[in-house]
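Residue numbers (my numbering), protein chains in the order written: chain A, 20 to 33; chain B, 185 to 441.
See the structure below:
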């Protein structure tokens, strides 16, 4: 099954 | 000194309701231009971003930028003490904001109640969200989106959203079987709130958690229309626009198979 991605891998922390 | 008076107090109740299931503590960042909030859920899967423009308040006063660290459950308890027709004023001392004052006035101004909410220091991670040209932008009635999420949860905990020029399709596959809902673009000039529009650069197919999506639909009472923005391998953006600003939710897609 597909796994849930996390936002950290798309957006950078500031 | 910070002061923001909102004639439509019920709006604040609805806004809180649309955030509090996703995050428990959040900083309300106040500046000359308005109030904003950005917070991720604990698992870093979803993010909520709220923006309220200063012009939406009457009056609005904020001498310098500062943050109000709020436990949303506590704020919710206090907000339940406000009547739906009440005018709500938020006040804080920006130099030593250890509490937020909430003033609820009824329409005839005969009943005024005042509450102080203790504030907290919240060390929150802030994400920079890039301006994105999405492959697909869909506008649809917010109640329809809410219904689709609710209905497909019967079948599965995930939904695949496919967008083409001619339709947006929501598909769920689970142990009991499958289900899908297809919507075609419609334009109802006399009832713009019921229209469905699709702007497409290229077709998109992405899978998302329905639990989070239905959580986002708590924003439904804020706007007749919801905007869904999708790009391959990018978080989904779900936006409810209001006269006074917007609430945006971002959701990381499911990846692999």
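For glycine and all other residues, C-beta sits at the position ideal for the given N, C-alpha and C. This one's a predicted model, so the numbers in the text were calculated from it and none came from an experiment.
Under the DSSP assignment, residue 330/B falls in the alpha helix (DSSP H) whose first and last residues are 326 to 336.
Closest in C-alpha terms to residue 330/B, from the list 319/B, 404/B and 374/B, comes 404/B. Within the segment 426 to 438 of chain B, contact with chain A at the beta-carbon level (separation under 7 Å) is assigned to 434, 436, 437 and 438. For the segment 374 to 394 of chain B, residues whose beta-carbon sits nearer than 7 Å to a beta-carbon of chain A comprise 391 and 393.
Annotation: Cβ neighbours of residue 229/B in chain A (cutoff 7 Å, chain order): 23, 25 and 26. Residue 306/B: not part of any beta strand (DSSP E); DSSP gives it neither H nor E.
The C-beta of residue 340/B has 16 or more other C-beta atoms within 10 Å across all chains shown, which makes the residue buried. Taking every protein chain shown into account, the CB of residue 224/B has 16 or more other CB atoms within 10 angstroms, so this residue is buried. Contact annotation: residue 297/B and residue 288/B have beta-carbon atoms nearer than 8 Å. Ranking 374/B, 381/B and 353/B by CA distance to the CA of residue 321/B puts 381/B first.
One finds 21 and 22 in chain A with Cβ atoms closer than 7 Å to the Cβ of residue 440/B, taken in chain order. Taking 8 Å as the upper bound on Cβ-Cβ separation, chain A lies near residues 309, 310, 311, 312, 313 and 314 of the segment 301 to 321 of chain B. Across the segment 204 to 227 of chain B, CB contacts with chain A closer than 7 Å involve 224, in sequence order along the chain. For a cut-off of 8 Å, the C-beta gap from residue 431/B to residue 199/B is around 7 Å, short enough to register as a contact. Going by beta carbons, residue 342/B and residue 409/B fall outside the 8 Å limit. Looking at the DSSP output, residue 32/A shares a beta bridge with 311/B.
Taking the C-beta atoms as reference points, residue 373/B is found no nearer than 8 Å to residue 237/B. Here residue 418/B has 316 as same chain residues with Cβ atoms under 7 Å from its own Cβ, once five neighbours each way along the sequence are excluded. Residue-level contact by beta carbon holds for residue 419/B and chain A, with a gap shorter than 8 Å.
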